[in-house]
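See structure below.
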Amino acid sequence: MPASSSPFRVAVVGAGGIAKACHLPALAAAGNSVRVVAVCDVDSTRAHELADAYDIPGRHTDLTEMLATESPDLVVVATPPVAHREAVTAALDAGAWVWCEKPPTLSLAEYDEITAHEKDGGPYASYVFQHRFGSAARRLRRHIADGELGAPLVAVCNTLWYRGHDYFEVPWRGKWETEGGGPTMGHGIHQMDLLLSLLGDWHEVHAVAATLGRRVETEDVSFAIVRFASGAVGSIVNSVLSPRETSYLRFDFGDATVEVEHLYGYDNSHWRWTPAPHVTDQDRIAGWAPAENTGSSHRAQLATLLAAMSAGERPLVSGADGRRVMELITAMYQSAITGRPVTRAELVETNPFYHSLNGGDLPTALSRLQHQESSHA
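Residue 36 in this note's numbering is what sits at position 16 of the sequence shown, and the numbering runs on without skipping anything.
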């Protein structure tokens, strides 16, 4: 790690839209605490274009060569999901911390393989789940820990988005082998991570999934009922078939309902705090929402990651904390494909879904999901 007065050297792997729209602006906002030294992409033209746009000196097409040449302290991985494992493990082995886009990996097996490349005190791999880091989510998390709103009882977690056929013309999308799954994996994962970061561990999930409107191998819609360790129950819906797009979470506690509705990011204005009829103390109610207004963003999460790097501590959304949403997603696919509830305790190495979200049986997965399409034709 650099001296405390030196900026962290950062390399960006993957020069696509998410790097340009989110990661480079977040790194620029970090000011003198970071210096972006290189961009790496298998497409040389794309690497040069992104580097030119942000005046980045290093331009590479080979990951191993880039790591050896640039010696980054932090590697941002913004590649398609199929390339995450290789890029993350290579960076860790080179001594760099990692901030990787969602989904973390294509399976729990890959996730655990990455963890084996970490070392005590760093480097660590962390994953992009920026919705945890807005001020309203942080405030709600503290209220839940303090019991301020009463016991959590009911939760709703909806990611209702729209992606047309053209979206899936990108070769790696909509395929088990390269994307890992459909909207349960690649779209709803953000809201589900926020759900779990607030309500904690889950115990059992019962899910259904179908391919109803898109020409893909995977599902394009899924539903699930989740039982949490706390006793709370929740519903989850993930869709890429919904013309009126929304990301919506609702939490019903003994003393309040808390809701957030947004699309790709929120600030305090997107949240609603509603007291139960028996809660009449206006000073108490007024203290629920945060005074500061920090939106959910890559920038907000990056600040916590850089602080963890400086302290030599495991960052949030890393290790077991980052694994929780992958566990839920795995169980949702297992439940949808096998047609039965799945408990968290089942997600062990002998379970075929631990190694592949379709259980390693692609024909059965396709048959289970896509027969729904033919029945609606």
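Ideal Cβ positions, reconstructed from N, Cα and C, are used throughout, including at glycine.
Candidates the options, of which the one nearest residue i by Cα
{"i": "E197", "options": "I209, T238, G233, V176", "result": "T238"}
{"i": "H399", "options": "C42, G36, A58, W308", "result": "This structure cannot settle anything about residue 399, because the visible part of the chain is limited to 21 through 397."}
{"i": "M447", "options": "S376, A49, S91", "result": "A query on residue 447 cannot be resolved here, the shown segment of the chain reaching from 21 to 397 and no further."}
{"i": "A311", "options": "S262, D287, T89, V56", "result": "D287"}
{"i": "A49", "options": "R161, L326, G342", "result": "L326"}
{"i": "G466", "options": "L367, L44, L261, P45", "result": "Examination of residue 466 is not possible in this model, given that the chain is present from 21 through 397 alone."}
{"i": "A227", "options": "N378, V362, P203, H207", "result": "V362"}
{"i": "Q150", "options": "H104, N378, R193, L322", "result": "L322"}
{"i": "P77", "options": "V97, V56, S64, V96", "result": "V56"}
{"i": "I349", "options": "L83, V337, R364, W192", "result": "R364"}
{"i": "N52", "options": "K40, M212, R29", "result": "R29"}
{"i": "G37", "options": "V190, V337, T300", "result": "V190"}
{"i": "G339", "options": "T84, G142, R79, D63", "result": "G142"}
{"i": "W117", "options": "A328, R343, G380, G206", "result": "A328"}
{"i": "G307", "options": "R159, D75, L83, F153", "result": "R159"}
{"i": "S267", "options": "P372, L283, A88", "result": "L283"}
{"i": "V337", "options": "E85, F153, D75, D140", "result": "F153"}
{"i": "T384", "options": "E369, I357, V368", "result": "I357"}
{"i": "H207", "options": "P27, D240, G220, D72", "result": "D240"}
{"i": "Y374", "options": "Q211, Y131, C177, Q302", "result": "Y131"}
{"i": "L367", "options": "L382, D381, R343, L386", "result": "R343"}
{"i": "Y144", "options": "A331, S316, G379, L386", "result": "A331"}
{"i": "C177", "options": "R161, L44, I209, A73", "result": "I209"}
{"i": "P92", "options": "P27, Q211, I134, E133", "result": "P27"}
{"i": "D416", "options": "R161, M86, Y182, L44", "result": "Residue coverage of the chain in this structure runs from 21 to 397, which leaves residue 416 outside it and unanswerable."}
{"i": "Q211", "options": "Y182, A157, W192", "result": "A157"}
{"i": "V96", "options": "D303, E133, V54, T135", "result": "V54"}
{"i": "E135", "options": "T370, D341, L382", "result": "In the sequence under discussion, the amino acid at residue 135 is Thr, which differs from the Glu named in the question. Of T370, D341, L382, the residue nearest in Cα terms is D341."}
{"i": "D140", "options": "D301, E333, W293, E133", "result": "E333"}
Beta-carbon separation (whole angstroms), residue i vs residue j, contact threshold 8 Å
{"i": "L215", "j": "G254", "result": "7 Å"}
{"i": "M346", "j": "L94", "result": "Going by Cβ atoms, the distance from M346 to L94 rounds to 22 Å, so no, they are not a contact pair."}
{"i": "P297", "j": "G200", "result": "No, P297 and G200 are not in contact; Cβ-Cβ is about 44 Å, not under 8 Å."}
{"i": "V148", "j": "C120", "result": "7 Å"}
{"i": "L173", "j": "A252", "result": "6 Å"}
{"i": "V257", "j": "V225", "result": "No, V257 and V225 are not in contact; Cβ-Cβ is about 13 Å, not under 8 Å."}
{"i": "P372", "j": "S146", "result": "Contact doesn't hold; Cβ gap of about 28 Å is too wide."}
{"i": "S242", "j": "P203", "result": "7 Å"}
{"i": "G213", "j": "F248", "result": "Here residue 213 turns out to be Asp, not Gly, going by the sequence shown. Actually they do not touch by this definition, with Cβ atoms about 15 Å apart."}
{"i": "A31", "j": "E90", "result": "5 Å"}
{"i": "G379", "j": "Q354", "result": "7 Å"}
Own chain partners of residue i with C-beta closer than 6 Å, once the 5 adjacent residues on each side are dropped
{"i": "I169", "result": "At residue 169 the sequence reads Leu, which differs from the Ile that was named. H163, F273, D275, A276, listed in sequence order."}
{"i": "A35", "result": "V59, D61, R66, A67, L70"}
{"i": "V280", "result": "L269, Y286, H290, W291"}
{"i": "K195", "result": "E237"}
{"i": "F271", "result": "A175, V278"}
{"i": "P295", "result": "A276, I305"}
{"i": "A171", "result": "G274"}
{"i": "R105", "result": "T125, E130"}
{"i": "A46", "result": "H318, R319, L322"}
{"i": "Y182", "result": "S262, P263, E265"}
Residues of its chain near residue i, where Cβ-Cβ distance is below 7 Å and the 5 sequence neighbours each way are ignored
{"i": "H137", "result": "T109, L112, D113"}
{"i": "G99", "result": "Looking at the sequence shown, residue 99 is not Gly but Thr. Result list for T99: V33, G34, A107, in chain order."}
{"i": "Q392", "result": "Unreliable placement is indicated for Q392, whose pLDDT of 49 sits below 50; the coordinate value is still reported in the next sentence. Correct list, in chain order: A230, T231, L232."}
{"i": "Q155", "result": "Checking the displayed sequence, the identity of residue 155 turns out to be Ser instead of Gln. Once the five neighbours on either side are set aside, the close Cβ partners of S155 are N288, P310, E312, N313, T314."}
{"i": "L180", "result": "V257, S259, S262, E265, T266"}
{"i": "G167", "result": "none"}
{"i": "F188", "result": "G194, R234, R235, V236"}
{"i": "L386", "result": "E237"}
{"i": "H223", "result": "R247, F248, A249, T363, R364"}
{"i": "L83", "result": "V33, C60, A107, A110"}
According to DSSP, residues forming a beta bridge with residue i
{"i": "I256", "result": "C177, A244"}
{"i": "H282", "result": "S267"}
{"i": "T363", "result": "E224"}
{"i": "L94", "result": "V30, W117"}
{"i": "L261", "result": "Y182"}
{"i": "S338", "result": "S146"}
{"i": "H318", "result": "In DSSP, H318 forms no bridge with anything."}
{"i": "A171", "result": "Answer is none; A171 lacks a bridge partner."}
{"i": "D140", "result": "Looking at the DSSP assignment, D140 forms no beta bridge with any residue, so it has no partner."}
{"i": "F273", "result": "P172"}
{"i": "A229", "result": "S242"}
{"i": "W291", "result": "V280"}
{"i": "R161", "result": "DSSP lists no partner for R161."}
{"i": "G78", "result": "A58"}
Neighbourhood of residue i by C-beta distance below 8 Å, restricted to the same chain and skipping five residues each side
{"i": "F359", "result": "Note on identity: in this sequence residue 359 is Gly, with Phe being the wrong assignment. Closer than 8 Å at Cβ, skipping near neighbours: R388."}
{"i": "T81", "result": "C60, D61, V62, D63, S64, A67"}
8 Å Cβ cutoff, residue i in contact with chain C
{"i": "R343", "result": "You won't find chain C in this structure, because it holds only one protein chain."}
Check: residue i C-beta below 7 Å from any heavy atom of the ligand SAH
{"i": "V337", "result": "The ligand content of the structure shown is nil, which means the ligand SAH is not present either."}
My parser needs the alpha helix (DSSP H) runs of 4 or more residues fully inside the stretch 22 to 70; what are they? With a minimum length of 4 residues, the continuous alpha helix (DSSP H) runs that stay inside the stretch 22 to 70 are 44 to 49.
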